[in-house]
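**Q**
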Amino acid sequence: MTPIIQLTRKGYVVNENGEPVEATCSFLHTKHPYFKIDPKDGGIILQTPALLGTQASYAFLLNLHHLLLLELPHHRYFWQPLTLQQGEEGILSYHYSYAKPLHHLMKGSLEEHGFYQQMTQRARYYRWFLTALFRSTIEIAQGEGPSLTIKQLQANPFDPCGISQGDLRFLHLFMIYLLTQEIDESWGEEGEQNQERVSKRLDYNTPLKRQGHTISQREWALAIFNEMEQLNKKLSLQGENEFLLIKQRALSYPFTWAYSMRKRKQQMGGVEAPLSLAREYKQQANDGRFRLLGYEDLELSTQILMKEAIKQGICVDVLDASENFISLGQGERMEYVKQATKTSKDNYVSVLMMENKLVTKKILEQGAIRVPKGSEFHHLQDAYQSIGTFSGHPLVIKPKSTNFGLGISIFQTGATEEALKKALQLAFSHDQTVLVEEFIPGKEYRFLVIDDQVVGVLHRVPANVIGDGIHTIAELVAKKNENPLRGQGYKTPLEKIKLDEQVELFLSQSHRTVQDIPAEGETVYLRKNSNISTGGDSIDFTDVMPQRFKEIAVAAAQVVGAKICGVDMMIEREGDEESPYAIIELNFNPAIHIHSYPSIGVERNIAQHILKLLEFTS
293 MTPIIQLTRK GYVVNENGEP VEATCSFLHT KHPYFKIDPK DGGIILQTPA
343 LLGTQASYAF LLNLHHLLLL ELPHHRYFWQ PLTLQQGEEG ILSYHYSYAK
393 PLHHLMKGSL EEHGFYQQMT QRARYYRWFL TALFRSTIEI AQGEGPSLTI
443 KQLQANPFDP CGISQGDLRF LHLFMIYLLT QEIDESWGEE GEQNQERVSK
493 RLDYNTPLKR QGHTISQREW ALAIFNEMEQ LNKKLSLQGE NEFLLIKQRA
543 LSYPFTWAYS MRKRKQQMGG VEAPLSLARE YKQQANDGRF RLLGYEDLEL
593 STQILMKEAI KQGICVDVLD ASENFISLGQ GERMEYVKQA TKTSKDNYVS
643 VLMMENKLVT KKILEQGAIR VPKGSEFHHL QDAYQSIGTF SGHPLVIKPK
693 STNFGLGISI FQTGATEEAL KKALQLAFSH DQTVLVEEFI PGKEYRFLVI
743 DDQVVGVLHR VPANVIGDGI HTIAELVAKK NENPLRGQGY KTPLEKIKLD
793 EQVELFLSQS HRTVQDIPAE GETVYLRKNS NISTGGDSID FTDVMPQRFK
843 EIAVAAAQVV GAKICGVDMM IEREGDEESP YAIIELNFNP AIHIHSYPSI
893 GVERNIAQHI LKLLEFTS
């Protein structure tokens with residue numbers, strides 16, 4: 293019984309004074325599948341594709357709304373017409389159909405076309421009910437093909453989409469209810485008269501005609517609600533939560549949007565009342581700018597790529613959510629992408645080379661690119677016998693092939709033989725080949741190379757807080773965690789800082805606790821590792837990184853034939869063109885979200901570069 297729904301919403305770009313202004317978004321053009329400008333009055337039309345279910349259609353419309361708001365200049369908002377007497381606080385169109393008509397809910401067998409004709413006829417007879425519910429003139433028409441279209445639903449100003457998910461679910465249930473009703477063709481005139489009475493007189497006691505008999509609007513509406521509630525229980529549609537609020541709105545004026553907006557205008561003023569909501573919606577869009585609603589189970593990098601594709605008018609489809617495998621389509625062109633950065637532009641051998649650290653190192657050396665010096669070992673006992681040659685020296689022990697830093701041990705000032713043996717055991721537990729390399733001093737930077745161009749440079753630092761001389765470390769952490777970019781479960785660009793035993797142990801080494809008050813401007817590190825997953829900060833260095841190192845990163849990607857590549861480079865003295873460096877790793881699946889939304893610095897539109905590489909944009 294899941295419906296296919298397409299939603300259309302219209303509004304206007306307004307300034308701080310509530311005055312309509314021209315929209316200046318780059319993606320607004322006549323051929324865009326989701327965004328259009330109405331040539332008649334300059335209004336902006338948002339239109340979702342036909343989607344399965346109320347949840348998907350609502351989420352897509354909200355995504356379109358957010359994308360528009362993010363592209364609008366400062367102090368520009370998307371809003372419904374502000375003049376109430378015009379009778380349109382915004383127009384919504386609800387295009388409704390089923391993949392397979394629900395003939396079993398109707399008596400007799402109907403052809404598909406006849407099914408929707410009957411559905412449309414019944415909706416027209418009952419449209420007075422929708423007019424009373426939404427306080428707007430309702431138009432019912434058979435859509436193109438087998439579908440039904442409801443036009444001119446008054447937009448709900450208290451929902452960013454103009455309509456709530458609850459209202460969409462209620463409309464779906466109302467459509468199913470219509471299929472259970474017997475309508476005589478002779479009642480067409482009666483339905484039109486009821487619609488006219490309700491449109492002219494929004495009074496709950498308005499007399500209506502039902503099959504030739506007089507009945508009040510309130511009495512008939514209550515009967516419809518009761519029958520819908522019974523149908524909801526019978527079909528187990530789980531719409532109980534919608535009924536109470538919607539019934540109150542339909543039968544009591546103080547529960548309507550119009551009443552709430554009237555009270556708001558009395559308190560805040562005629563212009564400020566709606567504009568304050570518009571500002572709130574724009575802030576919500578900004579806070580969730582990295583997220584694609586309805587697709588939160590996907591990796592963040594995949595969400596970011598899909599969101600940019602939608603903005604560019606590219607059709608997206610999730611092929612396998614668990615693998616983050618999607619398709620991108622435009623006209624007859626189709627590209628397949630896995631995890632946002634695995635595309636048809638990279639060959640299989642390049643991926644295999646970057647996956648193998650030993651091979652990567654040898655190929656980079658052949659390309660005259662500096663890498664850490666070291667040795668490789670295939671057996672644990674062979675490594676034990678060589679311990680004496682590198683004992684006491686700064687070094688790194690790591691498996692040949694690893695991800696997420698698993699099995700890696702770093703000794704910046706050397707280590708004892710016992711510690712080295714444990715590190716070797718750990719590394720061999722992850723791979724049959726282990727590398728022992730010199731430790732390169734300095735800071736680690738991630739260079740993101742796409743199509744022979746560095747599009748982002750990032751430095752990651754351990755979780756930390758900066759003191760203000762007033763608040764404790766714990767209080768500073770809580771404040772830092774309020775950043776909307778921070779969350780839990782890798783659904784946001786940054787993770788919240790956790791005050792766990794590891795933090796307490798690390799602080800205790802410098803005789804501190806989370807209750808200490810750091811001095812103003814003092815940086816207090818909470819962990820040794822710089823992983824984003826443990827609350828570390830990502831700092832953008834793209835604009836200040838010397839050109840020499842960018843060229844080295846591009847050369848490294850070219851050596852392995854990679855079109856998308858994450859280059860991890862140690863640089864001893866940042867900002868110094870002549871500083872010693874070494875490339876420590878190439879990543880064939882670099883995350884783009886850390887560059888797109890760093891904690892400090894410029895946010896980079898990495899997804900745009902991927903779409904350009906795939907030849908969807910210029």
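Heads up: the sequence shown begins at 293 in the numbering used here, then just goes up one per residue. Cβ atoms here follow ideal geometry from the backbone N, Cα and C, with glycine treated the same way. None of the values given here were measured: they were computed from a predicted structure.
1) Helix, strand or coil for Ser389? Go by DSSP, reduced to three states.
2) Taking the C-alpha atoms as reference points, what is the distance between Glu588 and Val769?
3) Whole angstroms is fine: what's the gap from Glu864's alpha carbon to Thr294's?
4) Nearest by alpha-carbon distance to His358: which of Arg493, Phe450, Gln576 is it?
5) Expressed to the nearest angstrom, what Euclidean distance is found between the alpha-carbon atoms of Ser684 and Tyr573?
6) So for Lys302, helix, strand or coil by DSSP?
7) Going straight from the alpha carbon of Ser508 to that of Gly303, what length do you get?
8) Ser910: buried (16+ other C-beta within 10 angstroms of its C-beta) or exposed?
9) How is Gln724 classed by DSSP in three states: helix, strand or coil?
10) So, helix, strand or coil for Met626, using DSSP?
11) Look up Leu620 in the DSSP assignment and give the residues it is bridged to.
12) Taking just the CA atoms, how far does Glu521 sit from Arg419?
13) Given that a residue counts as buried once 16 or more other Cβ atoms are within 10 Å of its Cβ, and exposed if not, what is Val836?
14) Look at the Cβ atom of Pro733, then the Cβ atom of Lys820, and state whether they are nearer than 8 Å.
15) Met626: buried (16+ other C-beta within 10 angstroms of its C-beta) or exposed?
16) Between Gly759, Tyr889, Thr652, which lies nearest to Gln850 when the distance is taken from Cα to Cα?
17) Helix, strand or coil for Gln378? Go by DSSP, reduced to three states.
18) Cα-Cα, which of Arg368, Gln794, Leu422 is closest to Cys317?
19) Our contact map puts Ile661 next to Ala847 with C-beta atoms below 8 Å; I'd like the distance itself, whole angstroms only.
20) Three or more beta-carbon pairs under 8 Å between the segment 456-472 and the segment 347-364, yes or no?
21) Can you name the residues that DSSP bridges to His505?
22) Taking the runs of the beta strand (DSSP E) that are 3 residues or longer, which of them lie wholly in the segment 410-469?
23) Short of 7 Å in beta carbon distance, which residues of its chain neighbour Pro452, apart from the five on each side in sequence? Order them along the chain.
24) By Cβ distance, which residues of its chain are closer than 6 Å to Pro341, with the 5 residues on each side in sequence left out?
25) Looking only at its chain, what residues have a beta carbon closer than 7 Å to the beta carbon of Lys788, apart from the 5 residues adjacent to it on each side?
26) Just the C-alpha distance for His387 and Trp549, rounded to the nearest angstrom, thanks.
27) Do Lys692 and Leu650 come within 8 Å of each other at the CB atom, strictly closer than that value?
28) With a 10 Å radius around its C-beta and 16 neighbouring C-beta atoms as the bar for buried, classify Gln444 as buried or exposed.
29) Using a Cβ-Cβ cut-off of 6 Å (strictly less than) and excluding sequence neighbours within five positions of Thr375, which residues of its own chain qualify?
30) Do three or more CB pairs link the segment 558-567 to the segment 577-597 at distances below 8 Å?
31) Do Phe833 and His901 have their beta-carbon atoms positioned less than 8 Å apart in this structure?
32) Count the other CB atoms within 10 Å of the CB of Gly379; is the residue buried (16 or more) or exposed (fewer)?
33) Could you name the residues that DSSP lists as bridge partners for Trp371?
34) Could you name the residues of the same chain whose beta carbon sits closer than 7 Å to that of Ile702, not counting the 5 residues immediately before and after it, in chain order?
35) Taking the runs of the alpha helix (DSSP H) that are 4 residues or longer, which of them lie wholly in the segment 789-834?
36) Can you tell me whether DSSP reads Ala874 as helix, strand or coil?
**A** Walking through what the data contain:
1) By one-based count along the sequence shown, residue 389 stands at place 97. Strand, per DSSP.
2) Numbered from 1 along the sequence shown, position 296 holds the residue referred to as residue 588. Numbered from 1 along the sequence shown, position 477 holds the residue referred to as residue 769. Each residue's alpha carbon lies about 26 Å from the other.
3) What you label residue 864 is simply residue 572 of the sequence shown in a count that begins at 1. What you label residue 294 is simply residue 2 of the sequence shown in a count that begins at 1. Answer to the nearest angstrom: the Cα atoms are 59 Å apart.
4) The sequence position of residue 358 within the sequence shown is 66, counting from 1. Taking only the C-alpha atoms, the option nearest His358 is Gln576.
5) Locating residue 684 in the sequence shown gives position 392, where the first residue counts as 1. Locating residue 573 in the sequence shown gives position 281, where the first residue counts as 1. Looking at the sequence itself, residue 684 is Gly, so the reference to Ser does not match. Straight-line Cα distance between these residues: approximately 59 Å.
6) Numbered from its first residue, the sequence shown carries residue 302 at position 10. Three-state DSSP puts Lys302 in a strand.
7) As a working note, residue 508 is residue 216 in the sequence shown. As a working note, residue 303 is residue 11 in the sequence shown. C-alpha separation (whole angstroms): 35 Å.
8) Walking along the sequence shown from the start, residue 910 turns up at place 618. Label assigned to Ser910: exposed.
9) For the purposes of this step, residue 724 is identified with residue 432 of the sequence shown, where counting begins at 1. The answer is coil: DSSP assigns Gln724 none of H, G, I, E or B.
10) Locating residue 626 in the sequence shown gives position 334, where the first residue counts as 1. Of the three classes helix, strand and coil, the one that applies to Met626 here is strand, per DSSP.
11) Along the sequence shown, one-based indexing puts residue 620 at 328. Partner(s): Val608, Glu627.
12) Here residue 419 refers to the residue found at position 127 of the sequence shown. Here residue 521 refers to the residue found at position 229 of the sequence shown. Whole-angstrom Cα-Cα distance: 19 Å.
13) One-based indexing of the sequence shown puts residue 836 at position 544. The residue is exposed, with fewer than 16 neighbouring Cβ atoms inside 10 Å.
14) As a working mapping, residue 733 is identified with position 441 in the sequence shown. As a working mapping, residue 820 is identified with position 528 in the sequence shown. For Pro733 and Lys820, no; Cβs fall outside 8 Å.
15) In the sequence shown, counting from the first residue as 1, residue 626 sits at position 334. So Met626 ends up on the exposed side.
16) By one-based count along the sequence shown, residue 850 stands at place 558. Selected option, being the one with the closest Cα: Thr652.
17) Looking up residue 378 in the sequence shown gives position 86. Unreliable placement is indicated for Gln378, whose pLDDT of 40 sits below 50; the coordinate value is still reported in the next sentence. DSSP places Gln378 in helix when its eight states are reduced to three.
18) Looking up residue 317 in the sequence shown gives position 25. Considering only alpha carbons, the answer is Arg368.
19) Residue 661 sits at position 369 when you count from the first residue of the sequence shown. Residue 847 sits at position 555 when you count from the first residue of the sequence shown. That pair is a contact at about 6 Å.
20) yes
21) Mapped onto the sequence shown, residue 505 falls at position 213. DSSP lists Arg502 as partners of His505.
22) 431-434, 440-446
23) Start at 1 with the first residue of the sequence shown, and residue 452 comes out as number 160. The answer, listed in chain order, is Leu354, His357, Tyr573, Gln576.
24) Locating residue 341 in the sequence shown gives position 49, where the first residue counts as 1. Here the set comprises nothing.
25) In the sequence shown, counting from the first residue as 1, residue 788 sits at position 496. Hits under 7 Å: Asn773, Arg778, Gly779, Gln780, Gly827.
26) For the purposes of this step, residue 387 is taken as the residue at position 95 of the sequence shown. For the purposes of this step, residue 549 is taken as the residue at position 257 of the sequence shown. Rounded to the nearest angstrom, the two C-alpha atoms are 23 Å apart.
27) Counting from one through the sequence shown, the residue named residue 650 turns up at place 358. Counting from one through the sequence shown, the residue named residue 692 turns up at place 400. For Leu650 and Lys692, yes; Cβs fall inside 8 Å.
28) Translated into positions along the sequence shown, residue 444 becomes position 152. Buried, because 16 or more other Cβ atoms sit within 10 Å of the Cβ of Gln444.
29) Numbered from its first residue, the sequence shown carries residue 375 at position 83. Unreliable placement is indicated for Thr375, whose pLDDT of 41 sits below 50; the coordinate value is still reported in the next sentence. Once the five neighbours on either side are set aside, Thr375 has no close Cβ partner at all.
30) no
31) Stepping through the sequence shown from its first residue, residue 901 is reached at position 609. Stepping through the sequence shown from its first residue, residue 833 is reached at position 541. Not a contact, by the Cβ cut-off of 8 Å.
32) The residue labelled residue 379 in the question sits at position 87 within the sequence shown. Because the pLDDT of Gly379 is 39, which lies under 50, any placement of that residue in the model is unreliable, and the number read from its coordinates should be weighed accordingly. Burial call: exposed.
33) Position 79 of the sequence shown holds residue 371. The partner list for Trp371 (beta bridge, DSSP) reads Tyr304.
34) Working through the sequence shown from its first residue, we reach residue 702 at position 410. So the list reads Val688, Phe731, once near-sequence residues are dropped.
35) 793-800
36) Numbered from its first residue, the sequence shown carries residue 874 at position 582. Three-state result, Ala874: strand.
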